[in-house]
Structures are given as C-alpha cells and as structure tokens.
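To start, the structure under review is shown below, and the notes come after it.
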Amino acid sequence: MKAMTAMKAFCAASILTLSSLAMAEGGGDRVYGRMMQENQQAMEQYALENGKAIPEVVHYEYGMNLDVQKVISTTQANKTCGVAPSRMTYEDSAGKINTLEYMVMGTNCPHGS
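Residue numbers -24 to -1, 1 to 89, in mature numbering (1 follows the signal peptide of the UniProt record, and there is no 0), belong to the letters of the sequence shown in order.
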C-alpha cells in the first residue's frame, strides 16, 4: 500500500514538473487548468487517505482571515511574466482540509534598469 502511495506521489511530481516545462514554453491557460485539476485530484486522494472531508476550492478575497496550521500542498510558482492562479491546501486548527485559490504575479518578468 505504501509503495502504491509513493508511486502516485512520484507520478504527481512528474506531471507537475512536465507542467512547469510546458509553462516555460508558453503553455498558457490549458496548462494552468490542467495543473489545478491535477492538484484537486491529489488533494482529494490525500483527504480520502487521511479520513478527512474533500476540500472545496475557495477563492481568496482581500481581508480573509486564514487559519493555517499545516500547509499540505502548494502549486508551483508562475514561471511566466503575468498573473496566474495558484493554490494552497492546508489544515486549519480544527484539522479540516481547505484549498485556497489566489492569483500571483509571475517570477520571470524583465527588470527595468
């Protein structure tokens, strides 16, 4: 059973690595959509394996109070120059799993002189 879980984790990591390569080559919205879907599936599996409720995705709003006790997963940083979605899945102080989607600026923007 643990070998199967390790294999699934390896496959998920491989898929995310390939996704980041596609983003570097201008993969666009499809890549982000696929990355978010893969993250959701991985978090559903994590919840089931840990006997917890499957988290619903909540979209961040300015001023939200977050109760983050343990970060479980974050999606990779946007490697382009632009705003793109990202997700963080975490456990709160009650042990409930939460997934938060928010927008982040890319890390590959040219710097002015």
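Glycine included, C-beta positions come from ideal geometry on N, C-alpha and C.
A check of alpha carbon separations from Met19 across Gly58, Lys72, Met40 identifies Lys72 as the nearest.
Judged by DSSP secondary structure, Met12 falls within the alpha helix (DSSP H) whose first and last residues are 5 to 25. Distance check between His35 and each of Asn84, Thr65, Gly58 places Thr65 closest, using alpha-carbon atoms only.
Rounded to the nearest angstrom, the gap between the Cα atoms of Ile30 and Gln21 is 8 angstroms. Scanning its chain for C-beta atoms nearer than 7 angstroms, with the 5 sequence neighbours on each side dropped, one finds around Thr83 the residues Ala53, Asn54, Lys55, in chain order.
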